[in-house]
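*Asks:* I'd like to ask some things about the structure below.
As structure tokens, this is what we get:
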């Protein structure tokens, strides 16, 4: 399970078609502290399955079908959410990988939702409190969690429009600001045996996220 990682995975259909034409292997180097890991991807189907809010993607879900698990977060849709979690469990039991956002949404909504975890000294948001779904999946599968933290995405692609600009120019919020750096911090894998209590899973994940936050201070 790879929490807090976002990449435009909906490009995978295009990438798959390109792969059929160009079969060059993709080499990705990840450097962490003193070690270097070389990852060779020969098949784009090895890319993790991503979870997505069904409501946000309601107009073009068909583009993403097969590469995503759609989650309905609307009231009264508990059964639908349960179905999505069971689908995720099946993927994990078959040694698959899943990208999830344990907080259930974007960080800028934490104040309104009241589920933020903050730095005591600076009152800066560290993360939104993770939902129980992640703990539920780990409890049933013993999946390993790789904690990942993104920093700077709010500046590279703002969540809200600039109110100073005229309304017809506020589409600028959708323009990627490539001059703003985005930092990806990757923590040590968290391993749990099958049957681990959900509360234990969530607390260890929160602690790992706090440690990643402190690395950047």
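Numbering (UniProt numbering), first residue to last: 1 to 217. Even for Gly, the Cβ is constructed at its ideal location relative to N, Cα and C.
#1: By a C-beta neighbour count over all protein chains shown, 10 Å radius and 16 as the cutoff for buried, is residue 86 buried or exposed?
#2: Closest to residue 91 by CA distance: which of 105, 130, 121 and 138 is it?
#3: Using the Cβ count rule (16 or more neighbours within 10 Å means buried), how would you classify residue 124?
#4: Could you give the first and the last residue of the continuous beta strand (DSSP E) run that contains residue 190?
#5: Excluding the five sequence neighbours on either side, which residues of its own chain have a C-beta within less than 8 Å of the C-beta of residue 174, listed in chain order?
#6: Are the CB atoms of residue 102 and residue 121 within a distance shorter than 8 Å?
#7: What is the DSSP secondary structure of residue 151, counted as helix, strand or coil?
#8: If you compare alpha carbons, which of 145, 164 and 176 is closest to residue 196?
#9: So for residue 116, helix, strand or coil by DSSP?
#10: For the alpha helix (DSSP H) that contains residue 212, what are its first and last residues?
#11: Bridge partners of residue 184, per DSSP?
#12: If I measure Cβ to Cβ from residue 104 and keep anything under 6 Å in the same chain, skipping five residues before and after, which residues do I get?
#13: Using the beta-carbon count (16 or more within 10 Å), is residue 214 buried or exposed?
#14: Quick one: using the 10 Å Cβ neighbour count with 16 as the cut-off for buried, is residue 207 buried or exposed?
#15: If you drop the 5 nearest sequence neighbours on each side, which residues of the same chain put their C-beta closer than 7 Å to that of residue 188?
#16: Would you identify the three-state DSSP class for residue 226, choosing helix, strand or coil?
#17: Does residue 43 come out as helix, strand or coil in the three-state DSSP assignment?
#18: In the DSSP assignment, find the beta strand (DSSP E) that holds residue 128 and state where it starts and stops.
*Replies:* So, to answer that:
#1: exposed
#2: 138
#3: exposed
#4: Element bounds for residue 190: n/a, residue is neither H nor E.
#5: 157
#6: no
#7: strand
#8: 145
#9: strand
#10: 198-215
#11: 150
#12: 131
#13: exposed
#14: exposed
#15: none
#16: The chain is shown only over 1 to 217; residue 226 falls outside these bounds and no answer can be derived.
#17: Because the pLDDT at residue 43 is just 39, under 50, the model does not fix this residue reliably, and the point stays unresolved.
#18: 125-128
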